[in-house]
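In full-length UniProt numbering, the protein residues as written are 1 to 108.
Since the structure comes first, as C-alpha cells, the remarks are kept for the end.
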C-alpha cells in the first residue's frame, strides 16, 4: 500500500490527534489525568516532563509527543507515528494486564 502525500494542515493533524486520544481512552490513574489535563490546557512542557519522569508509561509517552505534532514541522508525521505507537503499546499492556487478572481469577 503506497500512501500519497497531501498537504499537512492543522485540521488533519487534529484529526490524527483525536484518534490517538480516543485510543488512549479515559485516564484511569492520577498520573494519566494530570497528563491529559496538561495536554488539554496546552501545557505541553508539563506533559513532556511527566513523560520524561515516567519512562515506562506509554500513556504519558503518547501525550508527550502530541504537543510537537501541533507545530506542523517536517517532523509532524514522525511525531504522530511515534505517539500512535506509544498509544498502541499502552492499550496492549493494559489488555495483557486485564487478561492476566482474568486468567488468575479463573485458575485460582
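Note that CB positions come from ideal geometry on N, CA and C, so glycine has one too.
- Residue 100 and residue 6 have their C-alpha atoms some 43 angstroms from each other.
- Under the 8 angstroms Cβ criterion, the segment 85-103 does not count as touching the segment 36-50, having fewer than three qualifying pairs.
- Linking residue 23 to residue 91 through their CA atoms gives a straight-line distance of about 8 angstroms.
- The straight-line gap separating the alpha-carbon atoms of residue 59 and residue 65 is approximately 10 angstroms.
- Beyond the five residues adjoining it in sequence on each side, residue 32 comes within less than 6 angstroms, by CB distance, of 59 in the same chain, given in chain order.
- Within the same chain, no residue comes within 6 angstroms of residue 41 by CB-CB distance, once the 5 residues on both sides are set aside.
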